[in-house]
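Below is one structure; the comments refer to it alone.
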Amino acid sequence: MVGTLRFAHPTNLPPPCRFLPAACSGPSRPSLKCRRMLTLRPYMSTDFDALYAISLATADAGADASRLYHDKHLVGAIYSAPYATLDPDLVVVAADEEGVGGFVLGAVDTVSWEERLERSWWPQLRWRYPAPDPEARGGWTPDQRRISMIHNPERAPIQVAREFPAHLHLNLLPRLQGRGVGTRLFHAWLRLANARGASAIHARINRANARAMAFWSRMGFRPITLPELSEGRTVWMGRS
Ligand SMILES: CC(C)(COP(=O)(O)OP(=O)(O)OC[C@H]1O[C@@H](n2cnc3c(N)ncnc32)[C@H](O)[C@@H]1OP(=O)(O)O)[C@@H](O)C(=O)NCCC(=O)NCCS
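All residue numbers for the sequence shown refer to our numbering, where the first residue is 3 and numbers rise by one.
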């Protein structure tokens, strides 16, 4: 707690809040695991490595992807590090006594965010990770597929970005899942995003991640059905 007080809170983010996860409340006596205290607080630069680790630990349709990647930083370099670097005030983390185990982050205007990444994020990574040979695409390793994404980032379809301009990512390590932490992180992020004028939001979900789809549905997101969106591995969901 003391550490968090050294940092100014972004506008509208409540002070760090400590709570017992929802699964612990109720008439039955909580288990030892359940008594774990949790803090939601603004991101600090010392959380950077944890963001990479959480990204990797949830990158296989919500499950651990560490066995798939040789370079353990590639997933985070795409999905979490740019947000923490370029817009840290819009990042909230969940921490327990084992450390940071979850985050929510995003952007209020997806189109301008993607332009900003082109200017300020992808160039350094493209220099560091040369593009894989397109002729060998069929045999690319998972690392090479992610590196290809760095060179050719998948942009949100323009119809999605117009109708639901904001977007977010929310990831928890298994020890924090299924205990109401995602719900609380989402609402903490929503307050920050609303204070910056966000209204409609979208999330990009791997179709194989049934738990995530159930979660976003519960948070008020609905599948975006546009003729332009193919039946690919990505499901786009929006909330207005
Ligand atoms: C998906 C995720 C963010 C959900 O967060 P969470 O803290 O586990 O979810 P909550 O406990 O707040 O649950 C909220 C609602 O989500 C749904 N939900 C959560 N876990 C679920 C599961 N295993 N199966 C079905 N629905 C589930 C339920 O509707 C639940 O509401 P209820 O408890 O009233 O039934 C979290 O599990 C996670 O980070 N998973 C790995 C990474 C990931 O997949 N991120 C999303 C990428 S798009």
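Every residue, glycine too, gets a C-beta built ideally from N, C-alpha and C.
When you compare the CB positions of residue i and residue j, do they come within less than 7 Å of one another, or not?
i: Leu92; j: Leu194; result: yes
i: Tyr45; j: His75; result: no
i: Val183; j: Arg209; result: no
i: Glu117; j: Arg157; result: no
i: Asn173; j: Ile56; result: yes
i: Val329; j: Val94; result: Outside the displayed range of the chain (3 to 242) lies residue 329, so it cannot be described from this structure.
i: Leu175; j: Asp98; result: no
Going by DSSP, which residues form a beta bridge with residue i?
i: His204; result: His169 and Gly240
i: Phe223; result: DSSP output for Phe223 lists no bridge partner at all.
i: Pro159; result: Paired residue(s): none; Pro159 is not in a bridge.
i: Arg43; result: Val95
Does residue i pass the burial test, meaning 16 or more other C-beta atoms within 10 Å, or should it be called exposed?
i: Gly240; result: buried
i: Ile207; result: buried
i: Trp135; result: First, the residue type needs correcting, since residue 135 is Asp and not Trp in the sequence shown. Flag for Asp135 reads exposed.
i: Gly28; result: Confidence is the limiting factor: at Gly28 the pLDDT is only 47, short of 50, which leaves the residue's position unreliable, though a coordinate-based value still follows. Flag for Gly28 reads exposed.
i: Lys35; result: Summary for Lys35: the model assigns pLDDT 49, below 50, so the residue's position carries little reliability; its value from the coordinates is reported in the next sentence. Under this definition Lys35 is an exposed residue.
Which value, in whole angstroms, describes the spacing of the CA atoms of residue i and residue j?
i: Gly104; j: Glu165; result: 28 Å
i: Ser150; j: Pro132; result: 9 Å
i: Ala65; j: Arg128; result: 27 Å
i: His189; j: Arg139; result: 40 Å
i: Ala202; j: Arg43; result: 24 Å
i: Ser82; j: Ala52; result: 10 Å
i: His169; j: Ser47; result: 22 Å
i: Glu100; j: Pro229; result: 45 Å
Query - Closer than 6 Å: residues whose CB approaches a heavy atom of ligand 1 - result: Thr60, Gly64, Leu172, Asn173, Leu174, Gln179, Gly180, Arg181, Gly182, Val183, Gly184, Thr185, Ala205, Ile207, Asn211, Arg213, Ala214, Ala216, Phe217 and Arg220
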